[in-house]
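Enquirer: So the sequence lines, in the order shown, correspond to chains A and B. Going letter by letter, the first sequence gives residues 7 to 523 in our numbering. Going letter by letter, the second sequence gives residues -6 to 306 in our numbering. Where a beta carbon is used, it is the ideal one built from N, C-alpha and C, also for glycine. Right, I'll just put the structure down here and ask away after.
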Amino acid sequence: MGERTTMPDVGRRGIMAGATGIALGAFGSPVLAQGTQMLRIRFGSDISQLDPAKIFGIENQSVATHVYSGLVKYDQATNAIVPDIATGHEVSSDGTVWTFRLRPGVTWHKNFGAFTSDDVKFSFDRILDPATGSAYRGQLAGLKEVQAPDPMTVRFVLEAPNSGFLHKLCAFNQGWIVSRRAVTEIGERYSMNPIGTGPFVFERWTTGNEVRMSANAAYFGGAPQVSELMFRVVRDETAAAIALENRELDIFFALQSPDVIDRLRRANGVTLLDRPANNTVNLVLNTTAGPLRDVRVRRAIMHAMNRKALIDGFFRGTKTEATSVLTPTFQEYTDEGVPRYAYDPDRARALLREAGVSNFRFEITTPALNPYDRFPVPLANDLQQVGIQATVRVLERAAYGQARSSGNVQSCITAVVGPPDPDSALVTLFHTRSFPPGLNTSRYDRADDLLAEAARATDMAQRKATYGRLLKQTMEDVPVLPLFAEQLFVAHGARVQGFVQNSLFTVNASPVSLRGA
Amino acid sequence: MLLYVARCAAQLAVALVGIVTVAFFLMRAIPGDPAIYMLGDYATTESLATLRARLGLDLPVWQQYGMFLASAARGDLGASVVTGQSALAEIWSAVPPSAELAVAGMSIAIAFGVPLGVIAAVRQGTYVDVAVMALALGGISFPVFWLGLVAILVLSHDLGLFPALGATSEPGLWPAIHHLALPALVLGLSVAAYIARLTRSAMLEVLGQDHIRVARAMGVPERRIVWRLALRNASIPILAVIGVTFAWSLGNAILVEAVFSRPGLGSTILKAILARDYQLVQAGVLVLAAAVVLLNTLLDLVYGAIDPRLRKA
C-alpha cells in the first residue's frame, strides 16, 4: 500500500516542480530531508497549562502524558493498571495503608536531580493544600497523609479502605508526579515549563502554533524511538486531513467531523483507528425544576428522543449507543439489570399524560462547540413531537460554563471526559458534593451511599456489583440521560509504526517509530 | 514638525488608554469567568473562591481597573490567568507571524489592487473595466475562509504547489516563504478587491480634472498622464483606504490564521477571549490598537510628503 501511495505523489509533485521551475528540494517530506526522526501530531487547539494540579483539556493532557510519570498507569491498550515509576505496592490488611516501592536511579528532566519519595509526597501534598487551588483536590478525598519513610518508599494513609484508590494515583491529572525542586525554583512560570521523568522532555511552546519535545534518552522505560515530537495546532479538520495526506503531519489527533472521517477512511496511505472513549455525552436534567421533578416526565423525555437516529443519521455511525453513563471501557462496567429506554413516542405521551403535564416548556442549554451546538436540535424536534415545547439555547463556551455552574438551567449537555475511574465519573455526575458549581446540575442526591459503598468494596466482584446497582438506580431515576457513547478517532500516515490508541482522549507517541526516516 | 510628532504621540496615548479601558470593561461585562473555565468539571464553591482570590477577581471591578492602570503605567500588563506567563510576552511572540502575514498580504493587495484599479478607470465602460470590477466584487463577496479552503484543496492538495499548513518552524527563508505564500495570497486578494474599486473611483475623479485636460492638450504622453500625474493625485484616497483596509485585514487575518493553521495575534486574542483570559485580551488589544494607530500616523506623514497642500494643515 505504501508503494502505491508514495509513487504518484512524488511523481505529481516532481512534474509540478519541473513545470513551474521551483526547486525540487522544497517539496516532499522535510523530515526526510533533514534526516531527523520527528513525529508530527495534529492538535485541534493550543495548550494552556501543564501543571498537573491545574491541568485540564485533552491537548494539555496529551503533552503532559509524555512529560510526566505516575506511580502506576493505565495500560494504553487494555486500561489495566500497571506499574509506572513504582515497581510494586502492598496494602495493609485493614486496607488503609498503601506502600509503594519506587524505581531507583530515575532522574528528572533538565538536570533537576534524582527522583525520590519526597517528590511523591510533595506532589500529593500540593494537590491537597487548599492554597494550591487544585481542581483535583476532591479526587484525593479520604487521603489522610502521605509519608516518605525512606527515599525509595512512599506510604499513603487513608481514612477508610478504598478499593478504587489506585485509580487516583494513575499517571493522569493529579496522579502525575512533579519535582519539588523544579516547582519551587521555576515558580509562577512552571505551568509552561514542566519538568517530569517521562519519555519526552518539554522543549518549547510557540503560542498558537506548536509544542516541541525531545526524546529522554535516560527514560526508565527505555529511550523512545523517535528523537523529536512536534504537536502542531491545526484548527480546521479539513486542512488537517489534507496536511496528513500531503505528509505534512503524521498523526491526526481528535478527529471528530463525520465528513473528514469519511474522507480519511478513503484516503490512500492513511490508517484510520477508532475506539470507544471513557465517556458518554449526556442530557442532564435539573430534578428540582418544575415538571422535571417527576420521574415520569424524565422517563418520557428519554422515550421521546430517537437516540438511534441521532447516532446513525446526524453522526453517521461515528458514535455508539449508551446504556448508562459508564462505557464498556471501564472494568467495572455492566448493563445487567440496567433498564433500557426504547424510542417510543406513544409511551412518552402516555407518561406525560399520567404525570398531568401538558405544554411543558423545556430548554436545553449547550455550548457553542461543534457538534454540541447542533446535535440537540433533532432531539428538541423529537421532544416537540410528543408535545414538549423544547428549545435549544446555544451559549458561547465560557458563558455556558457560567450558566451551568450557577445551577439555574433546566437541562444541559455535559460530558465527563477522563480516566476509566468509575468513582471519578460517577462522583462528578451524581454526588451531592458535585452540586453546582460542580457537574451534578441535576442535584441528584440518592447516590452518595452507594458511591461510598463501592469505594469500601474489597474485591472487584463486589465493586462491580455495587456500581451495577448504582447504574441501575440512576437509569431508573434518570437524572442524567446518556445520549450516546463517545467514539475516538485517530488517523496516521504510512510512516507511523506501533501506534496504540488509548481510551483516555489523549495521544501517546511513546511506542511509535517512523518507517523510512 | 516636532509639534506635529508630539501631537501624534498625545493622540496615540489617549487612543490607547481609551481602547484598553473599553476592552477592560467589555471583557468583564460579558458572561463567563476564567475560574470556571479552568476548574471545569471539578469546580466546587471553595475551589472557585480560592482561584478567584488568587487571580484578584474577587475585588470590585473599579479596584481591579485601578490596579490594572497602575501596573500598565509601569509597563506591566500582568500575567495570563490561564498560562501564568507574562501577557505581553505571550502577545509579543504572536506579533512576528502576524506582521509577516500582514506585510505580505498588503504587498500582494497593493501590487494587484492599484494597477487593476487604474486600468479599469482608464478603460472605463469597456469589457476590461467590467471584468476587473466583477472580479473585485467576487473578491469582496467570497468569504476569506472559503477562499482559503478552496486554495488549500486546489493549490495544495490537487496540484501540490504549496503546503496545506501556512506556517513552519523549519529554519531558512525558503520554507518560511513557501508556507506563507498561500495565506498571504488569499488575504491579499480579498484586500486587493477593495483597493481596486477605490483606486478606480479615485482615478476617474482625477482624470476628469482640468490639469489632466491641460496636460493632454499639451501633448503629454497618455502613459505619463495616467501613471505619473493622475495616480499621484489619486494616491491620497488610495493611501487612506490602505490604512483602513490594513485594520480590516487584521480582522480577516483571524480567519486566514484559522484556515491555514498559522499562529498570530488574531488567533491568540480569540483564544484569550474564549477563555476569558482578561490580561491576555487587554495586552493583545493594546498591541493591535497601537499597530493601527501607528500605521495611520505614518500614513499622515506620507500624505504630507505626497501632497504639499497637506503639509501646513
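Which chain B residues sit within Cβ distance under 9 Å of asparagine 292 (chain A)?
Expert: The residue you call residue 292 (chain A) lines up with position 286 of the first sequence. Under the 9 Å cutoff, chain B gives no residues; its nearest Cβ is about 17 Å from asparagine 292 (chain A).
Enquirer: Which whole-angstrom value describes the C-beta separation of arginine 190 (chain B) and glycine 110 (chain B), a residue pair presumed to lie in contact below a C-beta threshold of 8 Å?
Expert: Here residue 190 (chain B) refers to the residue found at position 197 of the second sequence. Here residue 110 (chain B) refers to the residue found at position 117 of the second sequence. Indeed, because the Cβ distance is near 7 Å, the residues count as touching under 8 Å.
Enquirer: What residues in its chain sit with their C-beta under 7 Å from that of glutamate 93 (chain B), if we drop five residues either side in the sequence?
Expert: In the second sequence, counting from the first residue as 1, residue 93 (chain B) sits at position 100. Answer for glutamate 93 (chain B): Leu173, listed in chain order.
Enquirer: DSSP three-state label for glycine 34 (chain A), please.
Expert: Start at 1 with the first residue of the first sequence, and residue 34 (chain A) comes out as number 28. Unreliable placement is indicated for glycine 34 (chain A), whose pLDDT of 38 sits below 50; the coordinate value is still reported in the next sentence. Three-state result, glycine 34 (chain A): coil.
Enquirer: Check distances from the C-beta atoms of the region 259 to 284 of chain B to those of chain A and list, in chain order, the residues that come in under 8 Å.
Expert: Listed by position, the residues of the region 259 to 284 of chain B near chain A (Cβ gap below 8 Å) are Ser260, Thr261, Lys264, Leu267, Ala268 and Arg269.
Enquirer: Could you list which residues in chain B have their beta carbon closer than 7 Å to that of lysine 60 (chain A), in chain order?
Expert: What you label residue 60 (chain A) is simply residue 54 of the first sequence in a count that begins at 1. Within 7 Å Cβ-Cβ: Met31.
Enquirer: Using a beta-carbon distance cut-off of less than 9 Å, what residues from the region 122 to 144 of chain A approach chain B?
Expert: From the region 122 to 144 of chain A, only Pro136, Ala137, Thr138, Gly139, Ser140, Ala141, Tyr142, Arg143 and Gly144 have a Cβ closer than 9 Å to chain B.
Enquirer: Taking 8 Å as the CB-CB limit, is proline 200 (chain A) close to chain B?
Expert: Here residue 200 (chain A) corresponds to residue number 194 of the first sequence, with the count starting at 1. Answer no: the Cβ-Cβ gap between proline 200 (chain A) and chain B never drops below 8 Å.
Enquirer: Is it buried or exposed for lysine 264 (chain B), if we count other Cβ within 10 angstroms and need 16 for buried?
Expert: Sequence index remark: in the second sequence, residue 264 (chain B) carries index 271 (1-based). Burial call: buried.
Enquirer: From what residue to what residue does the alpha helix (DSSP H) around tryptophan 211 (chain A) run?
Expert: Residue numbering aside, residue 211 (chain A) sits at position 205 when the first sequence is read from its first letter. Tryptophan 211 (chain A) -> not in any alpha helix (DSSP H); beta strand (DSSP E) instead, spanning 206 to 212.
Enquirer: Return the residues of the region 32 to 43 of chain B that lie within a Cβ-Cβ distance of less than 8 Å from chain A, sorted by chain order.
Expert: Those residues of the region 32 to 43 of chain B that come within reach of chain A (Cβ to Cβ, closer than 8 Å) are Leu32, Gly33, Asp34, Tyr35, Ala36, Thr37, Thr38, Glu39, Ser40, Leu41 and Thr43.
Enquirer: Hey, would you say leucine 182 (chain B) sits closer than 8 Å to isoleucine 205 (chain B), going by beta carbons?
Expert: Residue mapping note: residue 182 (chain B) aligns to position 189 of the second sequence, counting from 1. Residue mapping note: residue 205 (chain B) aligns to position 212 of the second sequence, counting from 1. No, the pair does not count as a contact, with Cβ atoms beyond the cut-off.
Enquirer: Under three-state DSSP, which class holds serine 220 (chain A)?
Expert: Your numbering for residue 220 (chain A) matches position 214 in the first sequence. Reduced to three states, the DSSP call for serine 220 (chain A) is strand.
Enquirer: Distance, Cα to Cα, isoleucine 229 (chain B) vs asparagine 514 (chain A)?
Expert: Indexing the second sequence from 1 puts residue 229 (chain B) at position 236. Indexing the first sequence from 1 puts residue 514 (chain A) at position 508. Each residue's alpha carbon lies about 57 Å from the other.
Enquirer: Measuring only the C-alpha atoms, how far is threonine 14 (chain B) from serine 162 (chain B)?
Expert: As a first step, residue 14 (chain B) is located in the second sequence; it is residue number 21 there, counting from the start. As a first step, residue 162 (chain B) is located in the second sequence; it is residue number 169 there, counting from the start. In a straight line, the C-alpha of threonine 14 (chain B) is about 36 Å away from that of serine 162 (chain B).
Enquirer: Listed from N- to C-terminal order along the chain, which residues in the region 160 to 178 of chain A have their beta-carbon within a distance smaller than 9 Å of any beta-carbon of chain B?
Expert: The residues in question: there are none.
Enquirer: Can you list, in chain order, the residues of its chain with a C-beta nearer than 6 Å to that of alanine 188 (chain A)? Leave out the 5 residues immediately preceding and following it.
Expert: To locate residue 188 (chain A), count along the first sequence from 1; it is residue 182. These residues qualify, in order along the chain: Phe118 and Ile201.
Enquirer: Which class does arginine 225 (chain B) belong to by DSSP, given the choice of helix, strand or coil?
Expert: Residue mapping note: residue 225 (chain B) aligns to position 232 of the second sequence, counting from 1. Helix at arginine 225 (chain B).
Enquirer: I need the DSSP call for glutamine 145 (chain A), collapsed to helix, strand or coil.
Expert: If you number the first sequence from 1, residue 145 (chain A) lands on position 139. Three-state result, glutamine 145 (chain A): helix.
Enquirer: Counting along the chain, where does the alpha helix (DSSP H) carrying cysteine 1 (chain B) start and finish?
Expert: Stepping through the second sequence from its first residue, residue 1 (chain B) is reached at position 8. Looking at the DSSP string, the run of the alpha helix (DSSP H) that includes cysteine 1 (chain B) is -5 to 22.
Enquirer: Once the 5 residues before and after glycine 17 (chain A) are set aside, which same chain residues still bring their CB inside 7 Å of it?
Expert: On the first sequence, residue 17 (chain A) is found 11 positions in, with the first residue counted as 1. Confidence at glycine 17 (chain A) is low in this model, with a pLDDT of 33, below 50, so its placement is unreliable and the value that follows should be read with caution. Contacts found: none.
Enquirer: Within 10 angstroms of the Cβ of alanine 80 (chain B), are there 16 or more other Cβ atoms? Answer buried if so, exposed if not.
Expert: The residue you call residue 80 (chain B) lines up with position 87 of the second sequence. Per the 10 Å Cβ criterion, buried.
Enquirer: Go ahead and pull the three-state DSSP assignment for serine 54 (chain A).
Expert: On the first sequence, position 48 is the one that residue 54 (chain A) refers to. Coil, per DSSP.
Enquirer: Out of curiosity, what's the CA-to-CA distance linking phenylalanine 490 (chain A) and leucine 142 (chain B)?
Expert: Counting from one through the first sequence, the residue named residue 490 (chain A) turns up at place 484. Counting from one through the second sequence, the residue named residue 142 (chain B) turns up at place 149. Spanning the two alpha carbons is a distance of roughly 31 Å.
Enquirer: Evaluate contact between the region 118 to 129 of chain A and the region 148 to 161 of chain A, counting only Cβ atoms and requiring at least three cross-stretch pairs below 8 Å.
Expert: Yes, since at least three Cβ pairs between the region 118 to 129 of chain A and the region 148 to 161 of chain A fall closer than 8 Å, the two stretches touch.
Enquirer: In chain A, what lies closer than 9 Å to aspartate 26 (chain B) by C-beta?
Expert: As a first step, residue 26 (chain B) must be located in the second sequence, where it is residue number 33. What aspartate 26 (chain B) touches in chain A: Ala404, Gly407, Gln408 and Ser411.
Enquirer: Which residues in the same chain have their Cβ closer than 8 Å to the Cβ of glutamine 503 (chain A), if we skip the five residues on either side of it in sequence?
Expert: The residue labelled residue 503 (chain A) in the question sits at position 497 within the first sequence. Same-chain partners within the cutoff: Val518, Ser519, Leu520 and Arg521.
Enquirer: Between serine 162 (chain B) and chain A, is any beta-carbon pair separated by less than 8 Å?
Expert: Counting from one through the second sequence, the residue named residue 162 (chain B) turns up at place 169. Cβ-Cβ to chain A under 8 Å: yes for serine 162 (chain B).
Enquirer: Hey, quick one: how far does the beta strand (DSSP E) through alanine 283 (chain A) stretch, first residue to last?
Expert: Taking the first residue of the first sequence as 1, we reach residue 283 (chain A) at position 277. Taken as a continuous stretch (DSSP letters only), the beta strand (DSSP E) holding alanine 283 (chain A) covers 276 to 291.
Enquirer: Which class does histidine 150 (chain B) belong to by DSSP, given the choice of helix, strand or coil?
Expert: The residue given as residue 150 (chain B) occupies position 157 in the second sequence. Reduced to three states, the DSSP call for histidine 150 (chain B) is helix.
Enquirer: For glutamate 360 (chain A), count the other beta carbons within 10 Å of its own beta carbon; 16 or more makes it buried, fewer makes it exposed. Which is it?
Expert: Here residue 360 (chain A) is taken as the residue at index 354 of the first sequence, counted from 1. Exposed.
Enquirer: Does the beta carbon of arginine 299 (chain A) fall short of 7 Å from some heavy atom of the ligand ATP?
Expert: The ligand ATP is absent from the structure shown, which contains no ligand whatsoever.
Enquirer: Among A:Tyr406, A:Ala229 and A:Ile53, which one has its Cα closest to the Cα of valine 2 (chain A)?
Expert: One cannot answer for residue 2 (chain A) here, as it falls past the ends of chain A, which runs 7 to 523.
Enquirer: Would a C-beta distance cut-off of 8 Å place phenylalanine 253 (chain B) and leucine 158 (chain B) closer than the cut-off?
Expert: If you number the second sequence from 1, residue 253 (chain B) lands on position 260. If you number the second sequence from 1, residue 158 (chain B) lands on position 165. Result yes, Cβ atoms of phenylalanine 253 (chain B) and leucine 158 (chain B) sit closer than 8 Å.
Enquirer: Do isoleucine 64 (chain A) and proline 512 (chain A) come within 8 Å of each other at the CB atom, strictly closer than that value?
Expert: For the purposes of this step, residue 512 (chain A) is taken as the residue at position 506 of the first sequence. For the purposes of this step, residue 64 (chain A) is taken as the residue at position 58 of the first sequence. As written in the sequence, residue 512 (chain A) is threonine, which differs from the proline given in the question. Yes. Within cutoff.
Enquirer: Locate the beta strand (DSSP E) running through valine 103 (chain A), then write down its first and last residues.
Expert: Translated into positions along the first sequence, residue 103 (chain A) becomes position 97. Run containing valine 103 (chain A): 103 to 108, per the beta strand (DSSP E) assignment.
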